[in-house]
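Engineer:
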Amino acid sequence: MCNSWPNSQTSMKPERVFIEDSETLFQAALWYVEKRVDFIDAFNAAWMQSRGIGIIYSFDRKHFSRFEGLEVRPLMLGKR
Numbered sequence: 026m027c028n029s030w031p032n033s034q035t036s037m038k039p040e041r042v043f044i045e046d047s048e049t050l051f052q053a054a055l056w057y058v059e060k061r062v063d064f065i066d067a068f069n070a071a072w073m074q075s076r077g078i079g080i081i082y083s084f085d086r087k088h089f090s091r092f093e094g095l096e097v098r099p100l101m102l103g104k105r
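Start counting the sequence shown at 26; every next residue gets the next number (my numbering).
#1: Whole angstroms is fine: what's the gap from residue 56's alpha carbon to residue 67's?
#2: From residue 62 to residue 88, what does the alpha carbon distance come to, in whole angstroms?
#3: Cα-Cα, which of 95, 59 and 99 is closest to residue 76?
#4: Tell me which residue opens and which closes the beta strand (DSSP E) that residue 62 is part of.
#5: What three-state label does DSSP hand residue 98 in the structure shown?
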């Protein structure tokens, strides 16, 4: 058993937590609530927006179509 995981006898200090891309994470959290999508979909859309990516190939047209400026294209597997 690993004893390094925090438990009731250890504490995590907030000053030790570093979030590299906090703006993207914050945007994802807002969209998660506002657009009523899965958090991972909101995070992927925020990450794409922060990098200027405007097209996504996905089976999940329902959620990704809620993001303005993001073009959702159908993912076609095994077809040419």
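Glycine is no exception: its CB is placed at the ideal position from the N, C-alpha and C atoms.
Structural biologist: This is what the structure gives:
#1: As a first step, residue 56 is located in the sequence shown; it is residue number 31 there, counting from the start. As a first step, residue 67 is located in the sequence shown; it is residue number 42 there, counting from the start. Roughly 6 Å between the two C-alpha positions.
#2: Position 37 of the sequence shown, counted from the start, is the residue given in the question as residue 62. Position 63 of the sequence shown, counted from the start, is the residue given in the question as residue 88. Roughly 6 Å separates the two Cα atoms.
#3: To locate residue 76, count along the sequence shown from 1; it is residue 51. It is 95 whose Cα lies nearest to the Cα of residue 76.
#4: One-based indexing of the sequence shown puts residue 62 at position 37. Careful: residue 62 lies outside any beta strand (DSSP E) and carries neither H nor E.
#5: Translated into positions along the sequence shown, residue 98 becomes position 73. Residue state, collapsed to three classes: strand.
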